[in-house]
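First the structure, in the form of structure tokens, and then the observations on it.
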Amino acid sequence: AQSVTQPDIHITVSEGASLELRCNYSYGATPYLFWYVQSPGQGLQLLLKYFSGDTLVQGIKGFEAEFKRSQSSFNLRKPSVHWSDAAEYFCAVGAQGYQKVTFGTGTKLQVIP
Amino acid sequence: DGGITQSPKYLFRKEGQNVTLSCEQNLNHDAMYWYRQDPGQGLRLIYYSQIVNDFQKGDIAEGYSVSREKKESFPLTVTSAQKNPTAFYLCASSWQGRDGELFFGEGSRLTVL
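From first to last, the protein sequence lines are chains G and V. Note that our numbering has the first sequence beginning at 476, numbered continuously upward. Note that our numbering has the second sequence beginning at -9, numbered continuously upward.
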């Protein structure tokens, strides 16, 4: 069975500082990996995805993530955080031909001035 | 604009009553999903459907039922058998072959009084 671990429940960063959100997954084959963002009371929006190929993927809103197979990780990064980035971020894992996607428990990001 | 519409956004129900949450998409997606979100638990899959007139149970299907009579629609009924129905419910859809790349509605918050 596939699983996702987001070890940080809550992170606080200063506006303009860099950000890294951690994600570790467990899956026996080549995974599909995703990061989603959720504003309070809203649905989720896809930030970026990894299916295959280049292990560094670029997403919307200036986010990027790097797939590291040896570490079973898919950490999300942003070089300079904006106040509007405050939200909850979910890492997810799936697979080709497999409709069930497993989500992590989320990391809530707070941005302080 | 294309998207997923969930209704109602807020719903209150007395114990012992069934309630149906609506989900409609005009993205021409084949697959549709229902997730339940509780604080600190991420998203858990209730049901999913890959084609019309076919659906599969997810990880927490007990106490829920669905139908898929039209490609655009995937309503979820929360029955009186669901022991703890108060939650935020999210509907999503995706293209076949883009497994895990989900488009979400804005959610429905169900509160049982």
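Here a beta-carbon is modelled for each residue, glycine too, at the ideal position from N, C-alpha and C.
Check whether residue i and residue j have beta carbons under 8 angstroms apart
i        : j         : result
G:SER547 : G:SER478  : no
V:ARG58  : V:VAL68   : no
G:LEU508 : G:PHE542  : yes
V:LEU66  : V:THR(-5) : no
G:GLN574 : V:ASP20   : no
V:GLY32  : G:GLY516  : no
G:THR582 : G:LEU496  : yes
G:THR487 : G:GLN585  : yes
G:ALA562 : G:ARG552  : no
Chain-ordered chain V contacts of residue i [CB-CB under 9 angstroms]
i        : result
G:GLN517 : PHE94, GLU96, GLY97
G:LYS524 : ARG88, GLY90, GLU91
G:PHE542 : Those do not exist, as G:PHE542 stays about 14 angstroms from chain V at its closest Cβ, beyond 9 angstroms.
Contact set between residue i and chain V, taken where Cβ atoms lie within less than 8 angstroms
i        : result
G:LEU521 : GLU91, LEU92, PHE93
G:GLN533 : Ordered by position in chain V, no residue passes the 8 angstroms Cβ test against G:GLN533, which lies about 15 angstroms from the chain.
G:THR487 : Per Cβ cutoff of 8 angstroms: no residues; G:THR487 is ~18 angstroms from chain V at best.
G:THR580 : GLY30, GLN31, GLY32
Residue of the options minimising C-alpha distance to residue i
i         : options                                : result
G:GLN513  : V:GLU96, V:HIS19, V:VAL42              : V:GLU96
V:TYR79   : V:ASN18, V:GLU5, V:TYR23, V:GLY30      : V:TYR23
V:LYS73   : V:GLN40, V:LYS47, V:VAL102             : V:VAL102
G:ALA504  : G:ALA570, G:GLN533, G:LYS575, G:PRO588 : G:ALA570
V:ILE50   : V:GLN15, V:ASP20, V:ILE36              : V:ILE36
G:GLY534  : G:GLU563, G:LEU521, G:GLN517           : G:LEU521
V:PRO(-2) : V:ARG88, V:CYS81, V:TRP85              : V:CYS81
V:SER63   : V:GLN15, V:GLN7, V:ARG3                : V:GLN15
V:ARG3    : V:LYS47, V:SER70, V:PHE93, V:GLY(-7)   : V:SER70
G:CYS566  : V:ASN18, V:ASP44, V:GLU91, V:TYR38     : V:GLU91
G:CYS498  : G:ILE587, G:GLY572, G:VAL568           : G:VAL568
Partner residues on chain G for residue i, Cβ-Cβ distance less than 7 angstroms
i         : result
V:GLN40   : GLN574
V:GLY(-8) : By Cβ distance, chain G contributes nothing, its closest Cβ being about 14 angstroms from V:GLY(-8), past 7 angstroms.
V:LEU35   : LYS575
Segment limits, beta strand (DSSP E) that includes residue i
i        : result
G:CYS498 : Per DSSP, G:CYS498 belongs to no beta strand (DSSP E) and is neither H nor E.
V:LYS73  : From DSSP, V:LYS73 is part of no beta strand (DSSP E); its letter is neither H nor E.
G:HIS485 : 485 to 489
V:GLU14  : 9 to 15
V:ARG3   : 0 to 3
V:SER57  : Careful: V:SER57 lies outside any beta strand (DSSP E) and carries neither H nor E.
G:GLN520 : 519 to 525
V:ARG88  : Taken as a continuous stretch (DSSP letters only), V:ARG88 belongs to no beta strand (DSSP E), as it is neither H nor E.
V:GLN27  : 21 to 27
V:THR63  : A small correction: the amino acid at residue 63 of chain V is Ser; Thr does not occupy that position in the sequence shown. From DSSP, V:SER63 is part of no beta strand (DSSP E); its letter is neither H nor E.
G:VAL479 : 478 to 480
G:LEU584 : 582 to 587
V:VAL42  : First-last for V:VAL42: undefined, no H or E at that position.
Under 7 angstroms from the C-beta of residue i: neighbouring residues of chain V
i        : result
G:ALA567 : GLY90
G:GLN571 : ASP89
G:TYR507 : ASP89, GLY90
Residues that residue i contacts on chain G, provided the C-beta gap is smaller than 9 angstroms
i       : result
V:LEU15 : Here residue 15 of chain V turns out to be Gln, not Leu, going by the sequence shown. By Cβ distance, chain G contributes nothing, its closest Cβ being about 12 angstroms from V:GLN15, past 9 angstroms.
V:LEU11 : The premise fails here: V:LEU11 is roughly 13 angstroms from chain G at the closest Cβ pair, so nothing lies under 9 angstroms.
Beta-carbon neighbours of residue i, restricted to chain G and to distances below 8 angstroms
i       : result
V:ALA21 : GLN574
V:LEU80 : GLY518, LEU519
V:GLY48 : LYS575
| message | Give the list of continuous alpha helix (DSSP H) stretches no shorter than 4 residues that lie fully inside the stretch 535 to 571 of chain G. | response | Correct list: empty.
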